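Numbering (my numbering), first residue to last: 87 to 571.
Shown next, in C-alpha cells, is the structure this report addresses.
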C-alpha cells in the first residue's frame, strides 16, 4: 500500500470512529478497499485507489475505518493459544503476582490486549491471563457481565473462564490454557477434508447455539478465534470480548473486516444472525480453503467447490439477516449432512468396535485350541515330548496381548490421540510379553519345537493352511541334540 494512500486514510481518521457511509455508485466499493487494506490488491489496483481517494472523501472515511478494524484484528502471537488481544497495560515480568496468579511468561500480543501464561497458586494449574485494553467503566461492566455468563456454560467447545479480575486498573480474564494450533494455522495448509470440516462446523454451531441461548453474542468469529487443542477438541475463544472492548453502543461493535456482516458495516445492532454470517464465511473457508467472493453488485458468491449439500446452508448464512437460520437450525442441518454427505457416516462407536474385536479374538481362541490339541496329538504319535501341548497353550497366552495391541492400532484410526497412545502401549506390552514367555517356555520345557496355536488358528481361519498342519515359528531344538527328533 502506497504512502500516499496511507496518508489520505490517516487524514480521514481524525481520531474518530466514523460510521461507514453509503458509497456513491461511481465509487470503487468496499470489497476493493478491503482487498487493498488486507494486502491482496495488485499494483494496478493500488494506483487506481490512490487516484480515486484523492477526489473522494467518502472512500477515505471507509478506508480509515478498514485500517482501524484491520489493525485491531492483526496479531503478533507466537504461541499455540489464540492471542487476538493486545494491550496498553504495563508489561508483567515473569514472577509478577496478579491476585493469586504468578506470571510465567508472555504468550503474545494482539489488537485488544496481552496474554500471559500464569500459574494458579490455589489449584496449581497453568492458565492463560488475558489483559484487555479497556478502561471505560461501562465497557468493564459489560466485560464482567458477559464473562460471568460465558463462565456458566461449561461447554466443551467454548473456552473455560476460571476467573475475572482487575490488576492496576486493567481488567483480565483467567482462561483455561489451551495447547494446539488455531484454525487459521490449520487453514494455511489448505481446506480441511470434508469429514473433518463438518465435525468442526458442528462444534462451532453447537458453541453458538449454547451462547445464543444464554444471550451472549460473539461478534468476531474467525479462524484466529478457534483453537484445535491437542486432545482433538475444537474450542471457540473470546465470546463477547469484542463487544466489551468496543466503543459507543454496546451492540454495534464491529469485528474483523473479512468476517463482518453487513449490519456491522452499517453500524446497526448485532444479533445472533450476525454470528451466523461469520459462521458461513468460516464454513466456506474450511471446505474450500478460500473465503466467499463478492460480485459486482457486492452480493456474496459461493465457490463452486462447496459440496452441493452445504451450498444452500452457506448461502442462507450469508443472506439477509432476517433470512439467516438460527444456530440451532444450523446444528440440526449439519448433523443431517454429516450423516450422509458423500456416503460418509459417523464413525462406529468405541463400544461397537471393541465388541467386533472381541468376537474376532474369541473365534481365534476356539480355532487355536483345536489347532493346539491337534498339534499335541500329532506330537504324541510321532514320539515327541507331550510338552508340545503345554507349549502351544503357553504361546497362545503369550501372543494374545500382541494381537490385541495390533488390533488396538487399527481401532485407533477411529480414535483420538489418547487412543493412539494406548494402542502403542498395548503393542509394546504384547511384544515384550511374547518374547519373555517364549524364552521361558523354551528353557523350562526343553521343547523340540514351539508351535503357535494362535498363528495356526489364524491361518486356518483365513483358509491359507489346511487344519492340522503346523506353523512352526521357532525351532529351539532339544538341549544337547544336533538334530531335532
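Glycine included, C-beta positions come from ideal geometry on N, C-alpha and C.
It should be emphasised that the depicted structure is a prediction, and the values quoted were computed from it without experimental measurement.
{"query": "Cα-Cα separation between residue 256 and residue 415, rounded to whole angstroms", "result": "39 Å"}
{"query": "Start-to-end residues for the beta strand (DSSP E) that takes in residue 393", "result": "Where residue 393 is concerned, there is no enclosing beta strand (DSSP E), given that its DSSP letter is neither H nor E."}
{"query": "Environment of residue 541 [buried if 16+ CB atoms lie within 10 Å]", "result": "Low per-residue confidence applies at residue 541: pLDDT is 48, beneath 50, and the placement is therefore not dependable enough to give any value."}
{"query": "Residue from 409, 396, 406 whose Cα sits closest to the Cα of residue 424", "result": "396"}
{"query": "Coarse secondary structure for residue 203, derived from DSSP in three states", "result": "strand"}
{"query": "Closest Cα partner of residue 270 within the set 372, 419, 142", "result": "372"}
{"query": "Alpha-carbon spacing of residue 145 relative to residue 343, whole angstroms", "result": "15 Å"}
{"query": "Best match in 254, 292, 323, 352 for proximity to residue 266 [C-alpha to C-alpha]", "result": "323"}
{"query": "Simplified DSSP state of residue 374, which is helix, strand or coil", "result": "helix"}
{"query": "Proximity to residue 297 [Cα-Cα], best of 318, 233, 253, 352", "result": "233"}
{"query": "Element boundaries [beta strand (DSSP E), containing residue 257]", "result": "256-262"}
{"query": "Whole-angstrom distance between residue 358 and residue 330, CA atom to CA atom", "result": "With a pLDDT of only 45 at residue 330, under 50, the local geometry of the prediction cannot be trusted, and the value read off the model is given with reservation. The straight-line gap from Cα to Cα measures roughly 16 Å."}
{"query": "Under 7 Å between C-beta atoms of residue 236 and residue 321", "result": "no"}
{"query": "Residue range of the unbroken alpha helix (DSSP H) whose run includes residue 296", "result": "280-299"}
{"query": "Alpha-carbon to alpha-carbon, residue 263 and residue 316", "result": "11 Å"}
{"query": "Beta-carbon spacing of residue 199, residue 216 below 7 Å", "result": "yes"}
{"query": "Residue-chain proximity (residue 362, chain B), Cβ-Cβ < 7 Å", "result": "Of the protein chains in this structure there is only one, and it is not chain B."}
{"query": "Sufficient close CB pairs (3 or more, under 8 Å) joining the segment 398-415 to the segment 275-295", "result": "yes"}
{"query": "CB of residue 213 within 7 Å of CB of residue 230, strictly", "result": "no"}
{"query": "Contacting residues, own chain, Cβ-Cβ under 6 Å from residue 595 (five flanking each side not counted)", "result": "No information on residue 595 is available, as it lies outside the stretch 87 to 571 that the chain covers here."}
{"query": "Length of the line joining the Cα atoms of residue 391 and residue 242", "result": "30 Å"}
{"query": "N-terminal and C-terminal residue of the alpha helix (DSSP H) that residue 214 is part of", "result": "From DSSP, residue 214 is part of no alpha helix (DSSP H) but of the beta strand (DSSP E) over 211-218."}
{"query": "Residue 318, buried or exposed, once every other Cβ within 10 Å from all chains shown has been counted against 16", "result": "exposed"}
{"query": "Beta carbon of residue 377 nearer than 7 Å to that of residue 387", "result": "no"}
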